[in-house]
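Participant: Residue numbers (my numbering): 1 to 448. Don't be surprised by glycine CBs; every beta carbon is placed ideally from N, CA and C. If you scroll down you'll find the structure; I have some questions about it.
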Ligand code: PLP
């Protein structure tokens, strides 16, 4: 129990009192993915557009979009207003009722998803979206196994972390035989020793075909893939790979789930990253950019065929806050802003005109950069100790003093960086201006 009676005057006062925030955090908040006594969380007291302010009043350019979700930046007035208006009109309504804001959010989402993904099941975030997509695939096919790649992240809930490939699975793995991992394509560190994108595509598809054959097509419900694996390294699949996966799924009656939790809603310069490949999945999961994360929201966009599976029998699953009106109001406002301000086109142009050229020029000048890759406002800088051997600057699943130094120097230069093992990701709000993006890249340059 707290020892003192709360004396704050307002939420704004609570937010701005950095010392109190830190002290109470250390006393009462249990943080994700952390050794509780070894962390020193940065206090954020204010945020606006592409910037945040820390407890010392320092202004930092947010090159993380937090966890790659504030796609329209911080404090966007249209989204804030929509949440306030919705709170005044109808703050909450349970999922069994129809509600105009939820219906409109579903209509807008379905209008941008590819193909016949016409129905939306709402969740609270990305992990539960993937859990439900897998459940739908299992019930639809009557099969149980799920195939996913080693370098992937699908969420922190039990099934989602089991299908995840990255090291966060290691301490969480329940050893379920229903979750099978395979190698996705990644030319820079090719598991198939390929030297060209074409080789990588062909070998990765041959490999997946063999995994399917040996696991038994009659046991496999779904292949779940991030259309562009995000946290695991922003690895753009070689041309033709996702189409090949689609063909293998069709051949063997397997549901293709595209995880667009990070890559969706304009991050890659298309509404959804799978559109770069011209492929339509059976289920598409989303969260984050759907409403810039102002209120938690995720979901599954569902094909007509899978929808029909549940037209006359109940879907056995649901969540108390599914399609929460405050979250849906934020989604309606976000999508309307993205349409009106042509934010997806802006994201594509940022990739082609700003991030691509300037990060490649950084790679020419810094020995520590092994590769830069990305699209839209979705870029990874892979740091290596040795360009020839490609030895990573921090081990897979770990950290290093050198990476720590790069992160500290980037922050000292006024930029909040997204770092993962040996990589720095440049993932700012997708509506960031070219000037602000340039400012972030110069800070990285100076830090390196
Ligand atoms: N899928 C992908 C591709 C993600 O990047 C994430 C989170 O980063 C998730 C799923 C999990 O989403 P959430 O943390 O909202 O549950």
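1. Would the C-beta of residue 146 count as close to the ligand PLP, meaning under 7 Å from any of its heavy atoms?
2. How would you write the range of the alpha helix (DSSP H) that residue 162 sits in, first residue to last?
3. Could you check how far apart the C-beta atoms of residue 22 and residue 43 are, in whole angstroms? I think they sit under 8 Å.
4. Consider the C-beta atom of residue 154 and the heavy atoms of the ligand PLP; say whether any pair is separated by less than 7 Å.
5. Would a C-beta distance cut-off of 8 Å place residue 293 and residue 95 closer than the cut-off?
6. Run the CB neighbour count on residue 472, radius 10 Å, all protein chains shown included, and call it buried at 16 or more, exposed below.
7. I'd like the list of long-range same chain contacts for residue 367, defined as Cβ closer than 6 Å, with 5 residues on each side in sequence excluded.
8. Taking 7 Å as the cut-off, is the C-beta of residue 226 nearer than that to any heavy atom in the ligand PLP?
9. Hey, is the stretch 245-257 in contact with the stretch 129-149, meaning 3+ C-beta pairs nearer than 8 Å?
10. Run the CB neighbour count on residue 249, radius 10 Å, all protein chains shown included, and call it buried at 16 or more, exposed below.
11. Measuring from the CB of residue 317, is there a heavy atom of the ligand PLP at a distance below 7 Å?
12. Count Cβ pairs between the stretch 75-86 and the stretch 304-324 that sit closer than 8 Å; are there 3 or more?
13. Would residue 11 be called buried (16 or more neighbouring beta carbons within 10 Å of its own) or exposed?
14. Please report the residue range of the alpha helix (DSSP H) in which residue 150 lies.
15. Would the stretch 352-371 and the stretch 407-417 be scored as touching if the rule is three or more Cβ pairs under 8 Å?
16. Report the CB separation of residue 280 from residue 49 in whole angstroms; it is logged as a contact under 8 Å.
17. When the Cα atoms are used, what is the spatial distance from residue 192 to residue 284?
18. Which of the three DSSP states, helix, strand or coil, is assigned to residue 69?
19. Based on Cα-Cα distance, which residue from 17, 429, 363 and 34 lies nearest to residue 171?
20. Report the rounded CA-to-CA distance for residue 387 versus residue 369, giving the unit in angstroms.
21. So, at 6 Å on beta carbons, what are the nonlocal neighbours of residue 235 in its own chain, with the 5 sequence-adjacent residues on each side left out?
22. Using only the alpha-carbon positions, how far apart do residue 102 and residue 325 sit?
23. Rounded to the nearest angstrom, what separates residue 203 and residue 238 at their Cα positions?
24. For the ligand PLP, any of its heavy atoms closer than 7 Å to the Cβ of residue 231?
25. Among 58, 233 and 74, whose alpha-carbon lies nearest the alpha-carbon of residue 166?
26. Assuming contact is defined by CB atoms lying nearer than 8 Å, are residue 120 and residue 145 in contact in what I supplied?
27. Distance check for residue 418 and residue 18, CA to CA, integer angstroms please.
28. Could you check whether residue 425 and residue 380 sit closer than 8 Å to each other, using their CB atoms as the reference points?
29. Counting pairs of beta carbons, one from the stretch 332-346 and one from the stretch 266-277, are three or more of them closer than 8 Å?
30. Taking all protein chains shown into account, do 16 or more other C-beta atoms lie within 10 angstroms of the C-beta of residue 9, making it buried, or fewer, making it exposed?
31. DSSP puts residue 303 in a beta bridge; with which residues?
32. Look at residue 83 and residue 329 and say whether their C-beta atoms are less than 8 Å apart.
33. If you draw a straight line from the C-alpha of residue 299 to the C-alpha of residue 123, how long is it?
34. Between residue 429 and residue 62, is the Cβ-Cβ spacing less than 8 Å?
35. How long is the line joining the alpha carbons of residue 340 and residue 231, rounded to whole angstroms?
36. Using a Cβ-based criterion (distance less than 7 Å to any ligand heavy atom), does residue 431 qualify as near the ligand PLP?
Facilitator: Per the coordinate set shown:
1. Checking the 7 Å criterion, the Cβ of residue 146 is out of range of every heavy atom belonging to the ligand PLP.
2. Counting along the chain, residue 162 sits inside the alpha helix (DSSP H) bounded by residues 158-163.
3. Indeed they touch by this definition, with Cβ atoms about 5 Å apart.
4. It does: the Cβ of residue 154 is within 7 Å (strictly closer) of some heavy atom of the ligand PLP.
5. It is not a contact, given that the beta carbons lie outside the stated cut-off.
6. Residue 472 cannot be examined here, being either before or after the span of the chain that is shown, 1 to 448.
7. Correct list: empty, nothing qualifies.
8. Yes, the ligand PLP has a heavy atom inside 7 Å of this Cβ.
9. Contact holds: three or more Cβ-Cβ distances are below 8 Å.
10. Around the CB of residue 249, 16 or more other CB atoms lie within 10 Å, so the residue is classed as buried.
11. Residue 317 Cβ: outside cutoff for every heavy atom of the ligand PLP.
12. Look at the beta carbons and you see the stretch 75-86 not touching the stretch 304-324: under three pairs across the two are nearer than 8 Å.
13. Counting every other CB atom within 10 Å of its CB across the protein chains shown gives residue 11 a total below 16, marking it as exposed.
14. Element bounds for residue 150: n/a, residue is neither H nor E.
15. Touching, no.
16. Between residue 49 and residue 280 the Cβ distance is about 35 Å, and since that is not below 8 Å, they are no contact.
17. Here the alpha carbons of residue 284 and residue 192 stand approximately 28 Å from one another.
18. In the structure shown, the three-state DSSP call for residue 69 is coil.
19. Taking the Cα of residue 171 as reference, the smallest distance to any Cα among 17, 429, 363 and 34 is reached at 34.
20. Spanning the alpha carbons of residue 387 and residue 369 requires a straight line of approximately 8 Å.
21. Same-chain partners within the cutoff: 186 and 229.
22. Take the alpha-carbon of residue 102 and the one of residue 325: they are about 6 Å apart.
23. The alpha-carbon atoms of residue 203 and residue 238 are separated by roughly 11 Å.
24. Flag set: Cβ of residue 231 near the ligand PLP.
25. Taking residue 166 as reference, the option from 58, 233 and 74 with the minimal CA-CA separation is 233.
26. No, these two residues do not count as a Cβ contact at 8 Å.
27. Each residue's Cα considered, the two are about 22 Å apart.
28. Cβ atoms of residue 380 and residue 425: closer than 8 Å.
29. Here the stretch 332-346 makes contact with the stretch 266-277; the two share three or more CB pairs at distances below 8 Å.
30. So residue 9 ends up on the exposed side.
31. The partner list for residue 303 (beta bridge, DSSP) reads 117.
32. The answer is yes: Cβ separation under 8 Å.
33. Answer to the nearest angstrom: the Cα atoms are 5 Å apart.
34. In this structure, residue 429 sits near residue 62, with a CB-CB distance shorter than 8 Å.
35. If I take the Cα positions, the gap works out to 29 Å.
36. Remark: the shortest separation between the CB of residue 431 and any heavy atom of the ligand PLP does not fall under 7 Å.
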